[in-house]
Every structure is written in structure tokens, then in C-alpha cells.
Amino acid sequence: MAQETSPAPAKPSWTKIFTAFKVALEWKKLVLAAAGIFLAWVGWSAIGWTFYTMRTFEPVFVFDVNPEKKKEPAEVQAEWTRFKARRASWNLLHELAGSLSDPRLVVDAGDVATDVDEYILLERWAKGYQTHAEPVVVSGIKDDEATLELPKNGPKVKITPVGNEAKALLPSLGKAGLTIGAVTLWEQTVLKKVGEADEKQVNRGIEINNTRFNVESGFKELKEIREGAMDLADIVKAAANADSSLGKKALQKFREHLKNPKIKPAGKMRTSPWSEHRGDNPYLIVAKGVKTQGQSVVGEGGVLSWFVKDEVPVLLEPLYKFLTPIVYFFDPRAGAWDRLYMIFITLWTLTIWGFFGGAICRIAAVQIARNERITLKEALAFTRERFVSYLAAPVFPMVLVSIFTLVLIVFGWVEWIPYLGDIFAGVFWPVVILLGFIMAIVLLGLIGWPLMTATISTEGTDSFDALSRSYSYVYQAPWQYLWYNFVAVLYGAVLVFFIGFMASAMVFLGKWGVSSAPGLAKANEASDREPSYLFYYAPTSFGWRDLLISSSPFVEIRKETLPDGRTIDRREFTKKYEEHMSGANHIGARLVQVWTYVLFLLVVGFGYSYFWSSSTIIYFLIRQHVDDTPMDEVHQEDEDLDDPFLKPVAAPPAATAPPPQGKPGTLSLNVVEAPPAAASAAPEPPENPPAG
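Written out as C-alpha cells, the structure reads:
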């Protein structure tokens, strides 16, 4: 008797997530993802530019325009409150939609001061501290005179040396790197004999390195500028002379925020996909790890810090882009104009990824369930016909929150009524808590937005079914949903790093092979032909540009401030090398830019393709867990669907007429026709022939 073999144990269902790499790495999904990334950025930039250019920045708080007509303290306080609200609102819009091409603004006294008195101190100290560090230039140096040029279109002061020591020092002042703080003023009154009388004469000048120079004109303007300059010791002294509490608080804020002011965050939603910071280059990380035998591979923070700060944002980038304007919508700094901007950004995001994300999910759903591949036209046709459902599914929760918000606004108007509002608010505040709880539940469910898209792509249903399924699955099986996403993120981190490494290695090795040709690299900028210049306009995201120009000897490290205000090191060509780049060099670099930009979009697109593909797999898994629906069940389009994108199919054959129904209570028998008689058979004679 043959020995029976036991079947192999079934794999856990969540291991299906490991098929996401095969599902996501398909050219149709990569093209759809790249197109979505590009169009989303175009829309965000256009909306951001429109809203940002229609706002004005108030650099300072002007609280007393007319000194002769003093304002009442209450009026000044009201203006200060309005100024702070406008400044906070502008900072928020600048953080999201500000232009990165304009000079970056820094934190100033208007951002950190809490009242008018503190603002006056901080504004004067910050301006004086900045003036103290302003450079001055000594030009037109001759044997016995020179010109002192003050910063920011200040006056030009003619100076002459006092004594031989000053005359000897004069030629070196042109390259001394002087600042306003290095220049001190002096005035000396002397008696001068005029005829028989003595007249007082005032000599005025400057002192540099304990050496005096006379100033013939412009001393008054120079004195105003120099007296306004303050170093840290001057500021500490001024704080001690002010009110003790006010001076101490202001000095602390100056040291924290204004001594070395940070650049304000700007343009988070306007940054192009080619320049958005996504961490260090994977190829450079691996190369560094090999050279150091695994030491400090991903920086000082370690693997966990690198994973959370660099890899997770790349994997969840579509979800982050969707949730960012929603989170900022509830920021207390936001005004009506800012919230209108965020509504437009959110709708555009849902429009783009409802279409392109829906098409990716549709291709993935058919591939997962039936192991079949539909064409790009079929996926786009499917998404086009259900586009309203893709868009409306995540919009409905936000509309519901808006309705509850209007109810709470009416509640606030009633609460505004003196006496009656106090009692009304105290009695009915549980209603506010209940509405807030419902709003929190609704907004929390938006993390299931990818499930809404996957639902429509899998089931072929409308927005209501997508909405109900996503919320039902998230809240009925939250731990299962979190576990699936946790596995998908861990696995996706490896995949995204691998794809980034392979793409970086591909472009780097190609460039390395070209640069290996003898005679290209030269010692001077004018004759150097090493092909690093072709990547002058290469993407800076993922450290591509750093990787591709690192072999050039004419590269230096510069500090770059990211849109979120962080500072990183970036490789850049030296100014001298850039000056020697010809027009043909720039044309060649622009042409290479086109190819690298397209390739880079496909590389980033893999992360988006993986996001939507893994979301579709998670939908199948959680549907099976909650509803016990088989994994191979997916909506199939009708063959006779009148759609120009679908292939024409032949008409089905006409159905034969059914046999007549029998009478009730009787048994119907199938009628079988007799076979045709043979042609050679003779007819039989009748049994009873007629009589003749």
C-alpha cells in the first residue's frame, strides 16, 4: 500500500504582499505613476503661484505712523493682534506655496515677539546686530586718501590718514574684510589760531585697528549708521537697562531666534519631484558601507532614523501629499484664504490620483485575482467611466466634516451672546464633544483612502460602496489593516532602496565609462571635457546630481536649505568652472537633463506604483479576512460594453426559441424529431386499399 503524503502547510495570507514587487514593476504602472507625479506637481505649482502672488508680506509692524497723534494703547494692541494674525497666516502659506527661486526669508522680530514692547526691543536689536556685521569696502586707495563705501547703498565717505602709521595701513584696507563693527568714530575739538583769536575746530574721523583717519564729508550719515550697530555685548547691556522681566525674555528670544536666524520653510507643495529631498543616494550609501565595512552607512542616526526620515516618506508619499493640506487646514494660523488654497490643492490631488491611481489599481486587481494583464487602454477606459466615483469617495467625508463645522459655527454665534451664550454653551457642550468625536472618526478614516480607490478598481462599484467598505474594513479589522501595512512598508523599503540603487548605478556606470576615455579631464576649467558638466541640470533628489558630478575636480561642498528649513550639504560646481561653461555645454546639459528627468520620474514612479499595488493587495487580504471573499474574485467588464477604448467583439449567436410550456400539472416531454428517411426506401402500400 502506497504511503500517503500530507499536503504542504498553507502560507499565511499576508505573504501575498511579497508579490507586490512583481505587480508594481510593470511599465504600464510606471508610466501611469510618472504621469501622475508630473501632472500633480504642475497643478500644485499653478495653484500655489496663484494664491501666493495675491498675498503681500508685511515686513515690520508700523504702530505709530504719525508721532504727533499718539494712538491709544488699546488701538495699538488691536493693530498688533491683527498684524500677528496676518503674519502667522502669511508664514503658513509661504511654508506651503512660497517660491524657492526668490531670496529666502528668515525669522524676524515679528515672528517671535509676543507683544509690542518686546517687538520694539527685538526689532532694534536684530537690526543693530545685522548692521554691526555688514561689510564695508575701502576703494579708490591712493597715497593719502581712499573711499569708504557703506553697505546697502549707504554714503561713500572720503577718508585721509592721520600720521605715517595710518598712511602705511591704508593700502591693506582694501582686502581687510572690514565690517561696520570694526569701524569706530572719534571727534576731537581743538583750538585753532585765526588771526589773533582762538577758534574751536572739531575734527571728525574713524578709527580702524587703533589707527585714525579723518573724514571730510558724510560723517553725520556714518555716525547714524554706526550708532545703530550693536554687537552681543551692546545688546546684553541694553537688556539690563530695560525692564527686568521684559529685557530678560527679549534677550532669551534674541539668542534663540535672531542671533543666527533660521530660514523660513517655503514651498513644500511647490517643490518639483526632481529636487524634492528624499535622502542620500542609495549607490553612495552602499559604496560608503563597503569602504567603511558597514560603519556609519546611513549617518549618525542609525538605520532606524534613516528608515523613518528617508524611506517611509518615499513609500507613503502619495498619502502624505493627500493628508498634508488637510492637516494644515486645521492649523490655527490658517485664514480663510489659506484654507481655500488647501481645498484646491486637495481636490487637485484627488483628481490626479483618482484617475492615475485608479488605473494602476485596476491593472493590479486583475493581475492579482486572475493572473491576467489588461491593456493600458482598458485600464484608462475603466477609470474614465468611474472617475466621478474615484473623486467623490474621499470627498464625501470632508463634506460631512464641513457640515458639522457649519453647525459648530452656529453654536459659536449663540455662545457669543453675553449671559445667554454662557448658559447655552455650558448646557449643550456635550453636543460639541459628540460632533467633534464624529469628525475625528471621519477624518481618521481617511487613512483608508487607498482602500477606496482599490475598492472601485476591484469591485467596479460606486463611491458609496468604496466609502462604506474602506471605513468598515479599517474599523472592523484595524489591527489586521495595520499589520498588512506594516509588512508592506518594511518590504517596500527594501524594494525602493533596491530600485534606487540600480537606477543610480546604471546612470553612474554609464557616465563613468564615458569619462574613462583618455584626454577628457584637464587641470584647468577652460579645457576640461570630463562629462560631469553634462549633469549640471541633473535631478538633485535622491542625491543624483551629487553622484554624477562627484568625479569632477571642480566641485565644492555648499550648504543648501531645504523647503522645510533643514540644511544639507550639496555638491556644486565652482563659480569659476560655471563661468567657463560655454553655450554648447549648456545645450548638451539641457538635452541630458531631459533623459535624466524622464528616467528619474520612472524611478520615483516605482514607489507610487508599489503604493497603489500593495494597497490593492491589502484590499484583497482584508476583504477576505472580513467578508470571507475569495482572492480570485474581481469585477469583469461586460463584453458588449460600448466603449471606444475596448476591442470590438463579435455579436453572440441568436438564441433558439424555447419549446412551448406544458399545462399545469402535466409532465412535459422533450420532442425528438425522427431522422430523415433513406432516399432509396420504397413507400409501403396502404393496409386497406379502396375498393375498386
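Residue 1174 in this note's numbering sits at position 156 of the sequence shown; the count goes up by one each step and never skips. We put the beta carbon where it would ideally sit given N, CA and C, even for glycine. These figures come from a predicted structure and were not determined experimentally.
- Query: Would the segment 1275-1293 and the segment 1120-1127 be scored as touching if the rule is three or more Cβ pairs under 8 Å?
  - Reply: Below 8 Å, enough C-beta pairs join the segment 1275-1293 and the segment 1120-1127 to call them touching: three or more.
- Segment limits, alpha helix (DSSP H) that includes residue 1162: First-last for residue 1162: undefined, no H or E at that position.
- Message: I need the DSSP call for residue 1311, collapsed to helix, strand or coil.
- Response: For residue 1311, the three-state secondary structure derived from DSSP is coil.
- If we ignore side chains and look at the alpha-carbon of each, how far apart do residue 1591 and residue 1309 end up? Rounded to whole angstroms, the separation of the alpha carbons of residue 1309 and residue 1591 is 25 Å.
- Query: Do the segment 1046-1062 and the segment 1358-1377 touch if we need at least three Cβ pairs shorter than 8 Å?
  - Reply: Because the criterion of three Cβ pairs below 8 Å is met, the segment 1046-1062 and the segment 1358-1377 touch.
- Query: For residue 1529, which beta-bridge partners are listed by DSSP?
  - Reply: DSSP lists no partner for residue 1529.
- Euclidean distance between Cα positions of residue 1668 and residue 1039: For residue 1668, the pLDDT reaches just 48, beneath the cut-off of 50, and the residue's location in the model is therefore unreliable, although a value from the coordinates is still provided. Approximately 37 Å between the Cα atoms of the pair.
- Query: Do you know how far the Cα of residue 1651 is from the Cα of residue 1684?
  - Reply: With a pLDDT of 43 at residue 1684, under the threshold of 50, the predicted position of this residue should be treated as unreliable, and no value is reported.
- Query: How is residue 1232 classed by DSSP in three states: helix, strand or coil?
  - Reply: Residue 1232 falls in the strand class under three-state DSSP.
- Out of 1452, 1647, 1364 and 1446, which has the shortest C-alpha to C-alpha gap to residue 1065? Among 1452, 1647, 1364 and 1446, the Cα nearest to that of residue 1065 belongs to 1364.
- Query: Going by DSSP, what residues sit across from residue 1222 in a beta bridge?
  - Reply: Residue 1222 is bridged to 1205.
- Query: By how many angstroms is the C-alpha of residue 1512 removed from the C-alpha of residue 1623?
  - Reply: Computed Cα separation, rounded: 16 Å.
- Top-ranked residue by Cα proximity to residue 1265, from 1199, 1181, 1140 and 1451: Among 1199, 1181, 1140 and 1451, the Cα nearest to that of residue 1265 is on 1140.
- Message: Strictly under 8 Å for the Cβ-Cβ distance: is residue 1301 near chain D by that measure?
- Response: Reference to chain D is not applicable here, since this structure consists of a single protein chain.
- Determine the DSSP secondary structure at residue 1395, reduced to helix, strand or coil. DSSP places residue 1395 in helix when its eight states are reduced to three.
- Task: Go through its chain and collect everything with a Cβ distance to residue 1297's Cβ below 6 Å, but skip five positions before and after it.
- Result: These residues qualify, in order along the chain: 1328.
- Just the C-alpha distance for residue 1354 and residue 1104, rounded to the nearest angstrom, thanks. Distance between the alpha carbons of residue 1354 and residue 1104: 11 Å.
- Query: Under 8 Å between the Cβ atoms of residue 1180 and residue 1223?
  - Reply: At a Cβ-Cβ threshold of 8 Å, residue 1180 and residue 1223 count as neighbours.
- Could you check which residue in 1522, 1477 and 1547 has the C-alpha nearest to that of residue 1532? The option with the nearest alpha carbon to residue 1532 is 1547.
- Query: By the 10 Å Cβ neighbour count, where 16 or more other Cβ atoms means buried, how is residue 1595 classified, buried or exposed?
  - Reply: By the C-beta density criterion, residue 1595 is buried, having at least 16 other C-beta atoms within 10 angstroms.
- Between which two residues does the beta strand (DSSP E) carrying residue 1585 extend? Looking at the DSSP string, the run of the beta strand (DSSP E) that includes residue 1585 is 1585-1591.
- Check the DSSP bridge columns for residue 1433 and list the partner residues they point to. Partner residues in a beta bridge of residue 1433, as assigned by DSSP, do not exist.
- Between the Cα of residue 1603 and those of 1649, 1523, 1506 and 1543, spot the shortest distance and give me the residue it belongs to. For residue 1603, the nearest C-alpha among the options comes from 1543.
- Which runs of the alpha helix (DSSP H), 4 residues or longer, sit entirely within the segment 1078-1121? At a cut-off of 4 residues, the continuous stretches assigned as alpha helix (DSSP H) that sit fully inside the segment 1078-1121 are 1091-1115.
- Task: Tell me whether residue 1067 is buried or exposed, calling it buried when 16 or more other Cβ atoms sit within 10 Å of its Cβ.
- Result: So residue 1067 ends up on the exposed side.
- Query: How about the segment 1609-1616 and the segment 1548-1565: do they share at least three Cβ pairs that are nearer than 8 Å?
  - Reply: Because the criterion of three Cβ pairs below 8 Å is met, the segment 1609-1616 and the segment 1548-1565 touch.
- Would you grab the beta carbon distance between residue 1563 and residue 1578 for me? Rounded to a whole angstrom, and I think it's under 8 Å. In fact, because the Cβ distance is near 11 Å, the residues do not count as touching under 8 Å.
- Query: In its own chain, which residues sit with a C-beta less than 7 Å from the C-beta of residue 1653, not counting the 5 before and 5 after it?
  - Reply: Within the same chain, residue 1653 has close Cβ partners 1476, 1477 and 1478.
- Message: Please state whether the Cβ-Cβ distance between residue 1283 and residue 1606 is less than 8 Å.
- Response: Not closer than 8 Å, so no.
- What do you get for residue 1505, buried or exposed, if any count of 16 or more other CB atoms within 10 angstroms of its CB means buried? With 16 or more neighbouring CB atoms inside 10 Å of its own CB, residue 1505 falls in the buried class.
- Which residues mark the beginning and the end of the beta strand (DSSP E) in which residue 1174 is found? Per DSSP, the unbroken beta strand (DSSP E) holding residue 1174 starts and ends at 1174-1179.
- Please look up how many angstroms separate the CB atoms of residue 1227 and residue 1188, rounded, as I've assumed it's under 8 Å. The beta-carbon separation of residue 1227 and residue 1188, rounded to 11 Å, does not stay under the 8 Å limit for a contact.
- Task: Would you tell me roughly how many angstroms separate the C-alpha atoms of residue 1486 and residue 1472, rounded to the nearest one?
- Result: Looking at the two C-alpha atoms, the distance is approximately 13 Å.
- Task: Would you mind working out which of 1421, 1042 and 1404 sits nearest residue 1514, comparing C-alpha positions?
- Result: When only C-alpha atoms are compared, the closest one is 1042.
- Message: Does the beta-carbon of residue 1535, which I'm using as the reference point, lie nearer than 7 Å to any heavy atom of the ligand ADP?
- Response: Judged by which ligands are present, the structure shown has none, so any question about the ligand ADP falls away.
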